[in-house]
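Worksheet: one structure, shown below.
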Amino acid sequence: PAFDKELPATLSPILVKELLRNEFGFDGLILADDLDMQAVSERFTSPASFAQLFNAGTDMIIHPRHPSEEHD
Numbered sequence: 001p002a003f004d005k006e007l008p009a010t011l012s013p014i015l016v017k018e019l020l021r022n023e024f025g026f027d028g029l030i031l032a033d034d035l036d037m038q039a040v041s042e043r044f045t046s047p048a049s050f051a052q053l054f055n056a057g058t059d060m061i062i063h064p065r066h067p068s069e070e071h072d
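Structure, rendered in C-alpha cells:
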C-alpha cells in the first residue's frame, strides 16, 4: 500500500523503505527534521521517534534545539 494507517509518513517504513526506496528507486540521502511536529510529538518521545526514524530507513535526523529549551 502507498500509505500507512498507523504512523506519520516520516516514521513509516511502508512509505520510506517500500515506496520511496523500493518502488520509486530513490537512492539518495533521506533526512527528517522537525520532530516536534504534532503528528510525531503527541505520540512519541524524542528517543522513540529517533529509533522509529532509523527503523523506517531514514539516514539522518535534524533536530534543532528551540530557544525555549535549556542548554546543557
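Per my numbering, residue 1 is the first one in the sequence shown, and the count goes up by one each step. Built from N, CA and C at the ideal position, the CB exists for glycine as well. Every value quoted in this text rests on a predicted model; they were computed, and no experiment measured them.
- P8 places its beta carbon less than 8 angstroms from that of A39.
- Around the beta carbon of S49, 16 or more other beta carbons lie within 10 angstroms, which makes this residue buried.
- Apart from sequence neighbours up to five positions away, the residues of its chain that approach L31 with a beta-carbon distance below 8 angstroms are T58, D59, M60, I61 and I62, ordered along the chain.
- C-alpha of S46 to C-alpha of L11: approximately 12 angstroms in a straight line.
- Under the DSSP assignment, L53 falls in the alpha helix (DSSP H) whose first and last residues are S46 to A56.
- The bridge partners DSSP lists for D33 are I62.
- Residue nearest to D33 within the set D4, S41 and L19 is S41 (criterion: CA-CA distance).
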